[in-house]
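J.:
2 protein chains.
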Amino acid sequence: MSENEPQSAGHDARDDAGRISFDALVEAIGSTLIAAGASPPVAAILARNCASCERDGALSHGVFRVPGYVRSLSSGWANGAAEPVVQRAGASFIRVDAADGFSQPALIAAEQEIAEAIGETGVAVVAIRDSHHFSALWPDLEPFAADGLLGLTMVTGGASVIPRGARREVLGTNPFAFASPVAGGRPLVMDFATSTMSHGDLQLTAEAGRKVHLGTGTGRGGRDTDDPREILDEGGLLPFGGHKGLALSLMVEILASGLTGSAFSYQDDLVFAESPEDGGTARTGQLLILIDPDRGAGGFAGRVAEFIAALREAGLERLPADHRYRARAEAGRTGIPVTPAIRELLAAAVSPRG
Amino acid sequence: MSENEPQSAGHDARDDAGRISFDALVEAIGSTLIAAGASPPVAAILARNCASCERDGALSHGVFRVPGYVRSLSSGWANGAAEPVVQRAGASFIRVDAADGFSQPALIAAEQEIAEAIGETGVAVVAIRDSHHFSALWPDLEPFAADGLLGLTMVTGGASVIPRGARREVLGTNPFAFASPVAGGRPLVMDFATSTMSHGDLQLTAEAGRKVHLGTGTGRGGRDTDDPREILDEGGLLPFGGHKGLALSLMVEILASGLTGSAFSYQDDLVFAESPEDGGTARTGQLLILIDPDRGAGGFAGRVAEFIAALREAGLERLPADHRYRARAEAGRTGIPVTPAIRELLAAAVSPRG
């Protein structure tokens, strides 16, 4: 991947309607990350991940995040050339020290150990510590589910949530994800912040000058507000779904930070206040639980397919991941829509030569 | 445990203020379940579980449930003398066929295999199939957490939830629970329905003649209603927290029903309509994931204690399980308050002799 490629690939691939191909977007992101200090293998993993989010319409984890990646890398905040250390702490328990690098390459570094644990025991718990995770969680799980495994994962980092009763941010947006194989179809993959919104969506809403629903977060002095800028600058998001969402968020802290040996989100708050746009994920933890469903009752994926068919038949038209698969299919036909964030990415990629 | 004991124990243990001791309540419930067809060991497990819920103020899973247990047992709907079959399907994967009996004795039957799996691999997945679970989930996890293990569990059974867009009940209330050890304190245990309310709480609210918040469930023709009776009889509960709670509920179906080989909740709906008060849990599944935190980073329970202290210091006064531990301590000092349900239990226990 040379520095020249993004420009040519990007411009060649954009059609008249303002579209860019997936491969060209991966190239543009990758070369930008390399220029900021990422090693080529790390850049390749992150670029593919980020471009996948953009392609699937998950814009709050797409190209919008690239400036944050760049700042985190160029400031030395994240180590873009970290060498993860994988350690088998039990037949089913894998520890990964991301060594202040990103979670995604740390997970990939553990792939062999994961396969062995699953083969030997039916289950793999993967505890990633001291990492950075700026992306969605579904890209981490979808490949496992496509290979026939069940997966759960969760991540902490950057205090931005103030539960009712608390006087300051004590929790991260603490996303949780789950994926299951489905016979004859794409995996069912769900991925949601345990806060009312993800931090990225809150930023995008603020930048677009839109309001949020009351109940999304609190502002100055803990008051309810529909102004996303006030939530970002003077208050915090709320957990979704009242005390139940709060309970889930606590679980994410205990598993993704406590069990992995990473910082709890409340220990990250200063970092977050300084650079909200890069996710503030110092010493973030991620936990994955992967299960071979063939150890359970027979015919698992077929039964899940029947369950999903029954839900759709009962009128549930939209299931988790439907919108992503739809956007992906559309992007496969016509390319990825070029947003202002992509235009900036492509312009920045060529500016050193201009 | 003789048939005479409940009366004498019950009456002796109640003080003037209408209190009953925990042990006397266990006796009264146990003898009632034996009279309905449960084997003494099954009755002892269920009675202890049910009395614990009552003692801890979780009344919707307390003595209120005894008539449902009795009907399920005496009708042969649940097998109160079932012999669970435990099978190790992987070093970390334990299948338990509850053989149409209750989940709690099935879990206890697997204790030895669980301890071995944890010791050998660090993780145990327990997949219980074809069971009945009328109780809360926290009593299943709290003992593991008290022994130093992390636990997650979830259960399905009886379609009573209609997500927005669906035309009929397709999901159970699908509770989810998590427990963690805490150094120097009681375990943190959270347990919540992925519906807006548990079915038991909805019934209790209807019986008390109270209303529910709009958004709790839908009634006739899918309309929003605040009448719990209309939700029970002509509509269904909603998932909590919109599409995120729905996603969690789908996960519970896939893990607790799909993976274990039990009926999905939507396959249980006829049963449920016939006997809502006994939980309608034919062929219910339960999944547990138990993890030894000592395989992760060191000092786990101490770090969780620090996290909880930080939350309380920030103003979060009420954390999950606080109210149960408070009720338990109060019951330990003064006994368990005698409710109308307990009075009926004690009266029924003596009536054969009257």
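If you read the sequences in order, they're chains A and B.
Sequence positions in the first sequence follow my numbering and run 894 to 1247.
Sequence positions in the second sequence follow my numbering and run 894 to 1247.
Using N, Cα and C, we set each Cβ at its ideal position, and we do this for glycine too.
Please read these numbers as outputs of a predicted model, since none were measured by experiment.
#1: Check the C-beta distance from A/A1017 over to A/I1011 and give it rounded, since I have them as a contact under 8 Å.
#2: Name the chain A residues that come within less than 9 Å of B/A1203, Cβ to Cβ?
#3: To the nearest angstrom, how far is the alpha carbon of A/Q1005 from that of B/E1127?
#4: Could you say if the region 1020-1030 of chain A and the region 1176-1191 of chain A meet the contact criterion of at least three C-beta pairs nearer than 8 Å?
#5: Give, in chain order, every residue of the region 1000-1020 of chain A whose Cβ lies closer than 7 Å to some Cβ of chain B.
#6: Take B/A992 and list the residues in its own chain whose beta-carbon comes closer than 7 Å to its own, dropping the five residues that flank it on each side.
#7: Count Cβ pairs between the region 1139-1151 of chain B and the region 1194-1204 of chain A that sit closer than 8 Å; are there 3 or more?
#8: Thinking C-beta only, is B/V1054 closer than 8 Å to B/T1066?
#9: Tell me where the beta strand (DSSP E) around B/D990 begins and ends.
#10: For the region 1079-1087 of chain A against the region 1033-1041 of chain A, are there 3 or more C-beta pairs whose distance is under 8 Å?
#11: List the residues that DSSP assigns as beta-bridge partners of A/T1153.
#12: Taking the alpha-carbon positions, what's the B/G923 to A/L1097 distance?
#13: Measuring CB atoms only, is the region 1188-1197 of chain A touching the region 917-934 of chain A, in the sense that at least three cross pairs come out at less than 8 Å?
#14: Can you determine whether any heavy atom of the ligand ATP sits closer than 7 Å to the C-beta of A/F1071, and answer yes or no?
#15: By the criterion of Cβ-Cβ separation under 8 Å, what are the contact partners of B/V1197 in chain A?
#16: Short check: CB of B/S914 to CB of B/G1228, under 8 Å?
#17: For A/L1043, decide whether its Cβ has a neighbour in chain B, counting only Cβ atoms nearer than 8 Å.
#18: Shorter than 8 Å from the beta carbon of B/R1060 to some beta carbon of chain A?
#19: By Cβ distance below 6 Å, which residues in the same chain neighbour A/L988 in space, the five residues on each side in sequence not counted?
#20: For B/W970, I'd like the list of residues in its chain whose CB is within less than 6 Å of its CB, leaving aside the five on either flank, ordered along the chain.
#21: Going by other Cβ atoms of all chains shown within 10 Å of its Cβ, with 16 needed for buried, is A/H1106 buried or exposed?
#22: For B/E1325, go through chain A and note every residue whose CB falls closer than 8 Å to its CB, in chain order.
#23: Between the beta-carbon of A/G1044 and the beta-carbon of A/L1209, is there less than 8 Å?
#24: Based on DSSP bridge pairs, tell me the residues matched to A/S1073.
#25: Suppose you measure from the CA of A/S1150 to the CA of A/L1130; what does that come to, to the nearest Å?
#26: Would you check if the distance between the CB atom of B/L966 and the CB atom of B/E947 is smaller than 8 Å?
#27: If you measure beta-carbon to beta-carbon, which residues of the region 973-988 of chain A are closer than 8 Å to chain B?
#28: Quick one: which chain B residues come within Cβ less than 8 Å of A/M1047?
#29: Run down chain C in chain order and give the residues with a C-beta less than 8 Å from the C-beta of B/R1022.
#30: DSSP beta-bridge partners for B/S1024?
#31: Quick one: using the 10 Å Cβ neighbour count with 16 as the cut-off for buried, is B/E920 buried or exposed?
#32: Under 7 Å between beta-carbons, which chain A residues line up against B/M1090? List them in chain order, please.
#33: Starting from B/A982 and walking both ways along the beta strand (DSSP E), at which residues does that stretch end?
#34: What residues match up with B/T1098 in a beta bridge as DSSP calls it?
#35: Got a sec: is the Cβ-Cβ distance from A/F915 to anything in chain B below 8 Å?
#36: Mind listing the chain A neighbours of B/I1182? Cutoff is C-beta to C-beta under 7 Å, in chain order.
T.: Based on what the coordinates show:
#1: The residue given as residue 1017 of chain A occupies position 124 in the first sequence. The residue given as residue 1011 of chain A occupies position 118 in the first sequence. About 5 Å; that satisfies the 8 Å criterion.
#2: Position 310 of the second sequence holds residue 1203 of chain B. What B/A1203 touches in chain A: V1063, F1157, Y1159 and Q1160.
#3: Taking the first residue of the first sequence as position 1, residue 1005 of chain A is located at position 112. Taking the first residue of the second sequence as position 1, residue 1127 of chain B is located at position 234. Here the C-alpha atom of A/Q1005 lies approximately 52 Å from the C-alpha atom of B/E1127.
#4: yes
#5: E1013, T1014, G1015, V1016, V1018 and A1020
#6: Mapped onto the second sequence, residue 992 of chain B falls at position 99. Result list for B/A992: N972, A975, E976, P977, V978 and D1023, in chain order.
#7: yes
#8: As a working mapping, residue 1066 of chain B is identified with position 173 in the second sequence. As a working mapping, residue 1054 of chain B is identified with position 161 in the second sequence. Yes. Within cutoff.
#9: Counting from one through the second sequence, the residue named residue 990 of chain B turns up at place 97. Residues F986 to D990.
#10: yes
#11: Taking the first sequence and counting its residues from 1, one reaches residue 1153 of chain A at position 260. Answer is none; A/T1153 lacks a bridge partner.
#12: The residue given as residue 923 of chain B occupies position 30 in the second sequence. The residue given as residue 1097 of chain A occupies position 204 in the first sequence. Going by the C-alpha atoms only, they are around 58 Å apart.
#13: no
#14: As presented, the structure is devoid of all ligands, the ligand ATP included, so that no description of it is given.
#15: Here residue 1197 of chain B refers to the residue found at position 304 of the second sequence. Per Cβ cutoff of 8 Å: I1147 and G1151.
#16: Position 21 of the second sequence, counted from the first residue, corresponds to residue 914 of chain B. Position 335 of the second sequence, counted from the first residue, corresponds to residue 1228 of chain B. Cβ distance < 8 Å, so B/S914 and B/G1228 count as in contact.
#17: What you label residue 1043 of chain A is simply residue 150 of the first sequence in a count that begins at 1. Yes, its Cβ sits closer than 8 Å to a Cβ of chain B.
#18: Taking the first residue of the second sequence as 1, we reach residue 1060 of chain B at position 167. Yes, B/R1060 counts as interfacial toward chain A.
#19: Position 95 of the first sequence, counted from the first residue, corresponds to residue 988 of chain A. Residue identity differs from the one stated: residue 988 of chain A is Arg in this sequence, not Leu. Excluding positions up to five away in sequence, the list reads Q980, A982 and A1020.
#20: By 1-based counting over the second sequence, the position of residue 970 of chain B is 77. Closer than 6 Å at Cβ, skipping near neighbours: no residue.
#21: For the purposes of this step, residue 1106 of chain A is taken as residue 213 along the first sequence, with counting starting at 1. Under this definition A/H1106 is an exposed residue.
#22: With chain B running from 894 to 1247 in the structure shown, residue 1325 of chain B is simply not present.
#23: For the purposes of this step, residue 1044 of chain A is taken as the residue at position 151 of the first sequence. For the purposes of this step, residue 1209 of chain A is taken as the residue at position 316 of the first sequence. Contact: no.
#24: Here residue 1073 of chain A refers to the residue found at position 180 of the first sequence. Per DSSP, A/L1081.
#25: Numbered from its first residue, the first sequence carries residue 1150 of chain A at position 257. Numbered from its first residue, the first sequence carries residue 1130 of chain A at position 237. When rounded, the distance between both Cα atoms is 20 Å.
#26: Counted from its first residue, the second sequence places residue 966 of chain B at position 73. Counted from its first residue, the second sequence places residue 947 of chain B at position 54. For B/L966 and B/E947, no; Cβs fall outside 8 Å.
#27: A982, G983, A984, S985, F986 and R988
#28: For the purposes of this step, residue 1047 of chain A is taken as the residue at position 154 of the first sequence. The premise fails here: A/M1047 is roughly 11 Å from chain B at the closest Cβ pair, so nothing lies under 8 Å.
#29: Among the protein chains of the structure shown, namely A and B, there is no chain C.
#30: Here residue 1024 of chain B refers to the residue found at position 131 of the second sequence. According to DSSP, which records beta bridges pairwise, B/S1024 is partnered with B/T1177.
#31: Residue 920 of chain B sits at position 27 when you count from the first residue of the second sequence. It is buried - the Cβ of B/E920 has at least 16 other Cβ atoms within 10 Å.
#32: Taking the first residue of the second sequence as position 1, residue 1090 of chain B is located at position 197. Listed along chain A is no residue with a C-beta nearer than 7 Å to that of B/M1090; the closest approach is about 11 Å.
#33: Here residue 982 of chain B corresponds to residue number 89 of the second sequence, with the count starting at 1. Residues V978 to G983.
#34: On the second sequence, residue 1098 of chain B is found 205 positions in, with the first residue counted as 1. Answer by DSSP bridge pairing: none, since B/T1098 is not bridged.
#35: Here the question's residue 915 of chain A lines up with position 22 in the first sequence. Answer no: the Cβ-Cβ gap between A/F915 and chain B never drops below 8 Å.
#36: Numbered from 1 along the second sequence, position 289 holds the residue referred to as residue 1182 of chain B. For a Cβ distance threshold of 7 Å, residue set I1182 of chain A lies close to B/I1182, ordered along the chain.
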